[in-house]
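Residue numbers (full-length UniProt numbering): 1 to 281.
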């Protein structure tokens with residue numbers, strides 16, 4: 001819809017779900033349900049409430065380490081929620097229980113394979129009848145890298161990400177994130193829409209000529225394709241990213257359909273949008 005004083009752009013509403021809530025003490029509120037955090041019913045109820053409120057989508061937070069009061073290292077606190085379920089699996093479980101709301105789980109792309117994630121989100125798109133998305137998230141934490149043993153990530157303080165070493169790491173991580181999203185999109189398109197014939201009389205289920213290799217070569221991975229999952233109902237599920245600074249702004253501008261930003265005021269919001277637009281140019 002074009003933007004004009006007579007026809008303003010529609011307002012879209014979303015909610016970011018994370019355990020009992022984003023405040024560290026949320027689980028102690030009188031109406032919280034801490035004993036149910038790891039049940040399907042808890043998450044189904046949250047998303048059903050969001051759907052009744054006519055929200056457009058929910059995101060479901062995830063990560064590869066226990067939650068921490070420190071952004072880039074673990075802590076020893078025992079008075080806050082720790083532990084989480086897999087966001088993609090939560091979304092797939094509650095998809096048949098909802099009808100209209102978009103389901104956007106978070107996935108850490110730094111330590112996962114794009115082929116696996118493309119298949120998982122395509123599957124979510126099928127079980128939700130075309131309501132799937134993905135929030136891509138990078139990881140610069142050394143403790144998360146240690147879970148996999150495939151790469152070494154230096155331990156940096158928050159202020160060190162503005163040093164040459166920190167900026168180099170961010171450029172690598174978010175550059176890899178751009179490659180990752182490109183592979184997701186190519187794999188979703190590796191089956192043509194009419195590749196499935198399903199003709200019992202001739203015994204042909206698919207037209208093999210309508211499945212295509214993607215032959216992607218990147219610094220961290222190479223993927224031949226095609227996907228083993230037919231093209232999702234949406235064709236391209238929604239790709240989103242959270243951005244707080246320059247490198248993720250570029251990821252949003254170059255690779256995402258939707259970006260989540262955290263401006264302090266209207267002027268800051270305009271500056272962020274300008275930086276994202278510049279990345280799109």
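All residues carry an ideal CB built from backbone N, CA and C; glycine is no exception.
- Contact between residue 188 and residue 235 is confirmed by a C-beta separation of about 7 Å, below the 8 Å threshold.
- Between the alpha carbons of residue 218 and residue 16 lies a distance of about 31 Å.
- Straight-line spacing of the CA atoms in residue 91 and residue 103 works out to 6 Å.
- With a threshold of 16 other beta carbon atoms within 10 Å, residue 107 meets it and is buried.
- About 6 Å separates the CB atoms of residue 161 and residue 170; that is less than 8 Å, so the two are in contact.
- Pairing residue 156 with residue 26, the inter-Cα distance amounts to about 29 Å.
- In the structure shown, the three-state DSSP call for residue 198 is strand.
- Straight through space, the alpha carbons of residue 75 and residue 69 are spaced by roughly 7 Å.
- Distance from residue 153 to residue 180 at the Cβ level is roughly 16 Å; contact not present, criterion being Cβ atoms closer than 8 Å.
- Residue 145 sits away from residue 97, with the two beta carbons spaced by 8 Å or more.
- C-alpha of residue 38 to C-alpha of residue 85: approximately 7 Å in a straight line.
- The secondary-structure analysis by DSSP pairs residue 119 with nothing; it has no beta-bridge partner.
- Residue 261 holds the alpha-carbon nearest to the alpha-carbon of residue 245 among 261, 237 and 256.
- The DSSP-derived three-state label of residue 160 is helix.
- Counting along the chain, the unbroken alpha helix (DSSP H) around residue 47 starts and ends at 40-52.
- Residue 72 sits close to residue 140, with the two beta carbons spaced by under 8 Å.
- Setting aside the 5 residues that flank it on each side, residue 101 is surrounded in the same chain by 47, 50, 51, 55, 56, 57, 58 and 131, each with a C-beta closer than 8 Å to its C-beta; the list follows chain order.
- In this model, residue 259 and residue 270 are separated by some 14 Å (Cα to Cα).
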